[in-house]
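**Student:**
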Amino acid sequence: RGLILAEAVAAKARSSYGIAELRILGSAKGAAMEQHILAHPFYPDRPIPLLLGNHDSAEDGTGAVPTAPDHGQKDHQD
7 RGLILAEAVA AKARSSYGIA ELRILGSAKG AAMEQHILAH PFYPDRPIPL LLGNHDSAED
67 GTGAVPTAPD HGQKDHQD
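All letters in the sequence shown, in the order written, are residues 7 to 84 by our numbering.
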């Protein structure tokens, strides 16, 4: 298993999660990753499409956000 994360947060993730060795296996622009299918971390048989959005950034967090249709804060506002 591996992690897909923004290069800008790799060092922070390594420190935060106690990762002793970080091996970068490749790099790509976010647009090149769109619609790639990922494995769910707890349910490996459940495919997850990678979707792009502008609502998070490396400055705010990981640059990646889990998506659950109809479960966001805006979905429950009048």
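Note that the Cβ used here is the ideal one computed from N, Cα and C, for glycine as well.
1) Sort Ile43, Pro47, Asp51 by Cα distance to Leu58 and report the nearest one.
2) With a threshold of 7 Å, establish whether the CB of Ile54 neighbours any heavy atom of the ligand FAD.
3) For Leu11, tell me which candidate among Arg52, Asp51, Ala34, Asn60 has the shortest Cα-Cα distance.
4) Rounded to a whole number of angstroms, what is the C-alpha to C-alpha distance between Arg20 and Met39?
5) Could you check whether Ala16 and Leu28 sit closer than 8 Å to each other, using their CB atoms as the reference points?
6) For His46 and Arg52, I'd like the C-alpha separation in whole angstroms.
7) If you reduce the DSSP assignment to three classes, tell me which class Ala38 lands in.
**Tutor:** If we stick to the structure as given:
1) Mapped onto the sequence shown, residue 58 falls at position 52. Ranked by Cα distance from Leu58, the first of Ile43, Pro47, Asp51 is Ile43.
2) Absent from the structure shown: the ligand FAD. Ligands present: none.
3) As a working mapping, residue 11 is identified with position 5 in the sequence shown. Nearest to Leu11 by alpha-carbon distance, out of Arg52, Asp51, Ala34, Asn60, is Ala34.
4) Taking the sequence shown and counting its residues from 1, one reaches residue 20 at position 14. Taking the sequence shown and counting its residues from 1, one reaches residue 39 at position 33. So the alpha carbons of these two residues sit roughly 22 Å apart.
5) Reading the sequence shown from its first residue, position 22 is the one you call residue 28. Reading the sequence shown from its first residue, position 10 is the one you call residue 16. Result yes, Cβ atoms of Leu28 and Ala16 sit closer than 8 Å.
6) Within the sequence shown, numbered from 1, the residue matching residue 46 stands at position 40. Within the sequence shown, numbered from 1, the residue matching residue 52 stands at position 46. Going from the Cα of His46 to the Cα of Arg52 covers about 6 Å.
7) The sequence position of residue 38 within the sequence shown is 32, counting from 1. Helix.
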